[in-house]
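Asker: Just so you know, we're using numbering that gives the first Met the number 0 here: the sequence shown kicks off at 0 and counts up by one. Glycine included, each C-beta is placed from N, C-alpha and C at the ideal position. Predicted model only: the values in this text are computed from it and were never measured.
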Amino acid sequence: MSEIIKFSVIIPTYGVGDYIGDALGGLMTQTYDNFEVIIVDDCSPDNSGDIARSYVSRDDRFFYYKHEINQGVSAARNTGIEHATGDYILFLDPDDLYERNLLRVCAATLERNPVDLLVYSFTEDYRNNQSGKIEYTKRINLEQMDFDDDILSTNDPVIIHKLAMQMEEITMLGYPWNKCYKTSLIKENNLRFQKIKHVEDILFNCDFLDYTNSLTILNDVLYHYRNQGQVRLTGGDIDDYFELQKKRVKRIYDQQQSWKTCDFEALGILAKIYFRSFQSAMVRQLETGLKTDEILSWCKNEAETEAFQELRKYLPDNSRTIKLLYKPIADGMFGTALHRARLMKYTRQHFPAVFNRAKQIR
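(1) What is the DSSP secondary structure of Asp206, counted as helix, strand or coil?
(2) Between the Cα of Leu96 and those of Val39, His197, Ser73 and Gly24, spot the shortest distance and give me the residue it belongs to.
(3) What does DSSP give as the partner residue(s) for Asn317 in the beta ladder?
(4) Contact defined as beta carbons within less than 8 Å: I believe Arg99 pairs with Thr28. What is the distance between those atoms, to the nearest angstrom?
(5) Throw me the rounded Cβ distance for the Pro93 and Ile10 pair, which I believe falls under 8 Å.
(6) Please name the residue, chosen from Phe207, Gly20, Lys196 and Asp209, that lies closest to Asp239 on a Cα-to-Cα basis.
(7) Which complete beta strand (DSSP E) runs does the segment 39–98 hold, if anything under 3 residues is left out?
(8) Which complete beta strand (DSSP E) runs does the segment 115–168 hold, if anything under 3 residues is left out?
(9) Could you check whether Ile150 and Thr215 sit closer than 9 Å to each other, using their CB atoms as the reference points?
(10) What are the complete beta strand (DSSP E) segments, minimum 3 residues, inside the segment 239–285?
(11) Pick helix, strand or coil for Leu172, following the three-state DSSP scheme.
(12) For a test of the three-state rule: what should DSSP assign to Phe34, helix, strand or coil?
(13) Check this for me: beta carbons of Lys5 and Val39, under 9 Å apart or not?
(14) Between the Cα of Lys312 and those of Asp145, Ala270 and Tyr325, spot the shortest distance and give me the residue it belongs to.
(15) Can you tell me whether Gln348 is buried or exposed, with buried defined as 16 or more other CB within 10 angstroms of its CB?
(16) Using three-state DSSP, classify His223 as helix, strand or coil.
(17) Only counting the same chain, and skipping five residues up and downstream in sequence, which positions put a Cβ closer than 7 Å to that of Asn450?
(18) By a C-beta neighbour count over all protein chains shown, 10 Å radius and 16 as the cutoff for buried, is Glu81 buried or exposed?
(19) Using the three-state DSSP reduction, which class does Lys181 fall into: helix, strand or coil?
(20) Of the residues Asp219, Gly288 and Arg339, which one's Cα is nearest the Cα of Phe277?
(21) Between the Cα of Phe370 and the Cα atoms of Tyr54, Ala106 and Cys179, which residue gives the shortest distance?
(22) Bridge partners of Phe307, per DSSP?
(23) Would you check if the distance between the CB atom of Leu285 and the CB atom of Lys344 is smaller than 9 Å?
(24) Once the 5 residues before and after Glu199 are set aside, which same chain residues still bring their CB inside 8 Å of it?
(25) What residue range is occupied by the uninterrupted beta strand (DSSP E) comprising Ile10?
(26) Does the Cβ of Gly131 have 16 or more other Cβ atoms within 10 Å, making it buried, or fewer, making it exposed?
(27) Can you tell me where the alpha helix (DSSP H) holding Met0 begins and where it ends?
(28) Can you look up Leu190 in the DSSP assignment and give me helix, strand or coil?
(29) Using a Cβ-Cβ cut-off of 6 Å (strictly less than) and excluding sequence neighbours within five positions of Arg411, which residues of its own chain qualify?
(30) Which of helix, strand or coil does DSSP assign to Tyr345?
(31) From the DSSP output, which residues share a beta bridge with Leu214?
(32) To the nearest whole angstrom, what separates the beta carbons of Ala106 and Tyr31, a pair I think is in contact under 8 Å?
(33) Answer with buried or exposed for Ser366, where buried requires no fewer than 16 other C-beta atoms within 10 angstroms of its C-beta.
(34) With 16 other CB atoms within 10 Å as the buried threshold, where does Leu141 fall?
(35) Nearest to Glu187 by alpha carbon, out of Phe207, Pro175, Asp49 and Asn177?
Right, dumping it as structure tokens:
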């Protein structure tokens with residue numbers, strides 16, 4: 000391979016001392032050589048920075064930058080963009096694992112067809128909090144979108160826009176780490192990650208899609224998302240969580256409307272996202288000790304919103320999860336929905352492996 004294409008791999012770093020060595024080691028041993036690694040230390044409180052600097056001293060393709068104050072993952076990625084000199088950018092997380100041929104497969108694909116956006120498949124590895132052992136793995140790839148090919152490529156805008164919704168349904172769209180982005184599109188259009196929590200990734204990807212004229216999706220699993228299942232939102236985060244999920248839904252809805260592809264299928268996918276987030280918000284409220292009457296009052300207030308009233312019309316009835324967890328919410332049966340949220344909370348706390356499997360059934 001000629002190795003004409005240069006990749007900029009941006010690694011935002013904060014509190015990942017237990018993992019970043021594996022990630023950087025996985026990049027150092029890539030079977031493709033033309034890349035740079037831009038590590039942005041967001042004032043990490045542990046030894047992540049020391050580990051990163053040790054790799055910089057050993058490999059001149061590795062570069063280290065440090066924020067003077069903690070600014071969040073969006074700011075770290077944005078700093079990486081400013082320093083990127085490659086033809087394509089990858090935003091990889093330092094606590095995940097990458098196949099050694101990640102960059103080689105991407106380069107070979109892009110040399111044949113230099114598209115604006117390349118998406119590759121991945122696994123979600125759910126690990127035990129104590130042992131770290133994998134309890135459940137889910138493969139996210141083209142097969143879940145009912146495609147039999149190993150590669151799907153198009154420069155048809157209508158197909159790109161419809162594929163965006165199909166990817167969103169199987170969680171393939173929102174993440175930034177399973178994609179190669181053409182650097183020129185990011186820089187020429189001044190695209191940056193918003194400094195918000197939880198949905199900054201999908202908002203950035205929606206912005207990028209506004210300028211995407213060609214897309215390739217690979218069936219190859221090149222990335223392994225390491226989910227420890229440890230994240231718990233605080234009480235102050237609950238309102239933010241659901242409001243941000245609604246922001247996500249609205250951004251996708253507005254984009255599909257502007258593309259004139261907001262059909263019944265797209266609205267059904269958005270309805271599932273909305274009511275899944277609604278149910279998840281109820282579980283989080285229970286975890287913070289909110290009283291029953293407070294949760295029910297919140298449910299009733301949300302049911303009066305335009306988003307609730309509109310999307311309830313499009314919620315499909317094609318899975319057991321929808322029937323058990325989301326349909327009672329859409330039908331206004333909040334007592335039933337709260338009872339089932341309690342069961343989900345109990346399962347999440349005492350049987351996390353079962354919970355992780357259950358929540359993947361969409």
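Answerer: On the basis of the supplied data:
(1) The DSSP-derived three-state label of Asp206 is helix.
(2) Per the Cα distances, Gly24.
(3) DSSP, once it has assigned bridges, lists no residue as partnering Asn317.
(4) The beta-carbon distance between Arg99 and Thr28, rounded to whole angstroms, is 6 Å. This is short enough to meet the 8 Å contact definition.
(5) About 5 Å separates the beta carbon of Pro93 from that of Ile10, a gap short enough to meet the 8 Å contact definition.
(6) When Phe207, Gly20, Lys196 and Asp209 are compared, the shortest CA-CA separation from Asp239 is found for Lys196.
(7) Whole beta strand (DSSP E) segments, 3+ residues: 61–65 and 87–90.
(8) DSSP runs (the beta strand (DSSP E)) wholly in the segment 115–168: 116–126, 133–139 and 150–153.
(9) In this structure, Ile150 lies closer than 9 Å to Thr215 by Cβ.
(10) The qualifying runs do not exist here; there are none.
(11) Assignment of Leu172 by DSSP, reduced to helix, strand and coil, places it in the coil class.
(12) Correct three-state label for Phe34: strand.
(13) Not in contact: Lys5 and Val39 (Cβ atoms no closer than 9 Å).
(14) Ranked by Cα distance from Lys312, the options Asp145, Ala270 and Tyr325 are led by Ala270.
(15) Gln348 comes out exposed.
(16) Under the three-state reduction of DSSP, His223 is assigned to strand.
(17) Residue 450 cannot be examined here, being either before or after the span of the chain that is shown, 0 to 361.
(18) Residue burial annotation: Glu81 is exposed, with fewer than 16 other C-beta atoms found within 10 angstroms of its C-beta.
(19) DSSP places Lys181 in strand when its eight states are reduced to three.
(20) It is Arg339.
(21) Residue 370 is absent from the structure shown; the chain starts at 0 and stops at 361.
(22) Partner(s): none; Phe307 has no beta bridge.
(23) Yes. Within cutoff.
(24) Excluding positions up to five away in sequence, the list reads Val72, Ser73, Phe192 and Gln193.
(25) Segment Phe6 to Thr12, the beta strand (DSSP E) holding Ile10.
(26) Classification for Gly131: exposed.
(27) Careful: Met0 lies outside any alpha helix (DSSP H) and carries neither H nor E.
(28) In the structure shown, Leu190 sits in coil (DSSP, three-state: anything other than H, G, I, E or B).
(29) Here the chain covers residues 0 to 361 and nothing more, so residue 411 does not appear.
(30) Note: Tyr345 maps to helix in three-state DSSP.
(31) Bridge partners of Leu214: Leu116 and Thr153.
(32) So it is a contact: roughly 5 Å between Cβ atoms.
(33) Any property of residue 366 remains undetermined from this structure, which presents the chain solely from 0 to 361.
(34) Under this definition Leu141 is a buried residue.
(35) Checking every option, the nearest Cα to that of Glu187 belongs to Phe207.
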